[in-house]
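Report on the following structure.
In my numbering, the protein residues as written are -11 to 527.
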């Protein structure tokens, strides 16, 4: 008899588990009438057909199809496999290549025309369903109920979907935030105060400035959320599924599509305080960092705190001297490094180290030679490991095929090979995952003939710009610096202590690869970090 597998699926947790049983019973009845032997059953419970991601049952079925475990797949309807045109066509194409026939109980054997039509119908169904859901949510908002997630300061009313009531403990925190903001405190100062008192945040472990200030485009955050003024705004964003990852990501809708509704019972902050806070937020607001045409300073975006690993930003400017400080310490008070550093001293230390230790091209060539020697050693080890995994995988596949063939020819009974086949299948999957996880042997790199000259010119250009104090205003040397340096980590040290900096650079411009010795600048000298790459002392 022709071997067949059954696949069943239902979409949401709101549907009954019995849906799977009904689909399986229907497929089994079809198999009995058509002389098919059901040898496998796969299902996905509470999984949407809009994507293949998260469909473990579907993935196991496709793996079994590659193993030639059956010749036919039975489904109640093709939309059980997928409602996405691309996914449904891809599944059918792969099954067709493997010689596995796809049959739908109500439509018979699937062909190219059916796949195209059913894929289109499934996609239109999802689109129509989305419109109906949004229509229903729109009605919820018109009734003064909430159609989105729960905002900080509220809790749901039991037995009344979409209705919320004020959580007085959290509401007191919201009123405190607004009062402090109107009094002139910044979101960073407010967040630091809340964290110091261990006030539970809306999510995560700590309050941050962004949680308080929010986004101007999305009207979220504590300060910008209109629900605290008794006004519900819905449809500010829409969710779109990333076709490559299956994850839902948000996109901001134009304000003309936003829907508004009054909900005075949800007011936590009086109107006057809310309007003052919004006015202050608009006055303080400016372009987002990624919208700025260029960094304000040479090291902008490159500085890292050696204590917590977070970024560093400007603390203040006095008589033309700019001081920087850990951003996490400023915004949420979660970093212990409270020291402020003079930006000019850091720039000079970095450039003195680069100029003194990296100007000689022979050092770069020595590093590349040492780097390649280490890569060759690692490559030999990796190749040996991959060869061992490939041999084990081939042996496991051969034994699996031998047992399966003996069962198909009637030499062995099912109970004699069933357990061993399951073990071999699990072993094969493990070995395949190990092979995927195994790193590929590193490639040997070499310097471009003109690279050393170009690098020397870059360093000389940077040195001259630093000497003439024209670095920040000249885009060419600044761009050259950013091409060579990946990050500058300021190590935590007591006030008055020596400046300690860890420099991580990239030699991609020279080598064509993302390689560079992790280096430290100790008072102006750069040495290779032991253990990160083959040590090249003096570099």
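Ideal Cβ placement from N, Cα and C applies to all residues, glycine included.
The structure displayed is predicted, hence computed values, not measured ones.
Secondary structure of residue i, DSSP reduced to three states
{"i": "residue 162", "result": "helix"}
{"i": "residue 236", "result": "strand"}
{"i": "residue 221", "result": "strand"}
{"i": "residue 479", "result": "coil"}
{"i": "residue 292", "result": "strand"}
{"i": "residue 529", "result": "The structure shown has nothing for residue 529, since the chain only spans -11 to 527."}
{"i": "residue 23", "result": "coil"}
{"i": "residue 317", "result": "helix"}
{"i": "residue 322", "result": "coil"}
{"i": "residue 174", "result": "coil"}
{"i": "residue 196", "result": "coil"}
{"i": "residue 7", "result": "helix"}
{"i": "residue 403", "result": "helix"}
{"i": "residue 398", "result": "coil"}
{"i": "residue 373", "result": "helix"}
{"i": "residue 278", "result": "For residue 278, the pLDDT reaches just 46, beneath the cut-off of 50, and the residue's location in the model is therefore unreliable, leaving the point undetermined."}
{"i": "residue 79", "result": "helix"}
{"i": "residue 256", "result": "coil"}
{"i": "residue 54", "result": "helix"}
{"i": "residue 415", "result": "helix"}
{"i": "residue 208", "result": "coil"}
Counterpart residues of residue i in DSSP-defined beta bridges
{"i": "residue 142", "result": "154"}
{"i": "residue 92", "result": "63, 96"}
{"i": "residue 306", "result": "309"}
{"i": "residue -5", "result": "30"}
{"i": "residue 329", "result": "312"}
{"i": "residue 249", "result": "220"}
{"i": "residue 226", "result": "239"}
{"i": "residue 299", "result": "292"}
{"i": "residue 337", "result": "DSSP output for residue 337 lists no bridge partner at all."}
{"i": "residue -10", "result": "24"}
Whole-number beta carbon distance between residue j and residue i, since they are thought to touch under 8 Å
{"i": "residue 268", "j": "residue 216", "result": "Residue 268 to residue 216, Cβ: 15 Å. No contact."}
{"i": "residue 163", "j": "residue 197", "result": "About 19 Å; that fails the 8 Å criterion."}
{"i": "residue 49", "j": "residue 113", "result": "That belief does not hold up - the Cβ atoms of residue 49 and residue 113 are roughly 22 Å apart, past 8 Å."}
{"i": "residue 487", "j": "residue 333", "result": "6 Å"}
{"i": "residue 73", "j": "residue 29", "result": "No, residue 73 and residue 29 are not in contact; Cβ-Cβ is about 27 Å, not under 8 Å."}
{"i": "residue 263", "j": "residue 218", "result": "With 8 Å as the limit, residue 263 and residue 218 do not qualify as a contact, their Cβ atoms being about 13 Å apart."}
{"i": "residue 290", "j": "residue 476", "result": "5 Å"}
{"i": "residue 37", "j": "residue 70", "result": "5 Å"}
{"i": "residue 195", "j": "residue 129", "result": "Contact flag wrong, Cβ pair sits at about 29 Å."}
{"i": "residue 46", "j": "residue 32", "result": "6 Å"}
{"i": "residue 166", "j": "residue 254", "result": "With 8 Å as the limit, residue 166 and residue 254 do not qualify as a contact, their Cβ atoms being about 15 Å apart."}
{"i": "residue 478", "j": "residue 302", "result": "Incorrect: roughly 13 Å between the Cβ atoms, too far for contact."}
{"i": "residue 210", "j": "residue 220", "result": "Contact flag wrong, Cβ pair sits at about 16 Å."}
{"i": "residue 237", "j": "residue 228", "result": "6 Å"}
{"i": "residue 391", "j": "residue 419", "result": "That pair is no contact at about 17 Å."}
{"i": "residue -10", "j": "residue 23", "result": "7 Å"}
{"i": "residue 416", "j": "residue 385", "result": "6 Å"}
Counted within 10 angstroms of its Cβ, other Cβ atoms place residue i as buried (16 or more) or exposed
{"i": "residue 246", "result": "exposed"}
{"i": "residue 248", "result": "exposed"}
{"i": "residue 337", "result": "buried"}
{"i": "residue 270", "result": "exposed"}
{"i": "residue 94", "result": "exposed"}
{"i": "residue 67", "result": "buried"}
{"i": "residue 317", "result": "buried"}
{"i": "residue 138", "result": "exposed"}
{"i": "residue 179", "result": "buried"}
{"i": "residue 371", "result": "exposed"}
{"i": "residue 44", "result": "exposed"}
{"i": "residue 90", "result": "buried"}
{"i": "residue 424", "result": "exposed"}
{"i": "residue -7", "result": "buried"}
{"i": "residue 320", "result": "buried"}
{"i": "residue 19", "result": "buried"}
{"i": "residue 207", "result": "buried"}
{"i": "residue 117", "result": "exposed"}
{"i": "residue 110", "result": "buried"}
Contact with chain C by residue i, beta-carbon distance below 8 Å
{"i": "residue 175", "result": "Given the protein chain composition of this structure (a single chain), no chain C is represented."}
beta-carbon residue i near the ligand MG non-hydrogen atom, thresh 7 Å
{"i": "residue 54", "result": "In terms of ligand content, the structure shown is empty, and the ligand MG therefore cannot be addressed."}
Meets three-Cβ-pair contact criterion under 8 Å: the region 144 to 155 and the region 178 to 191: no
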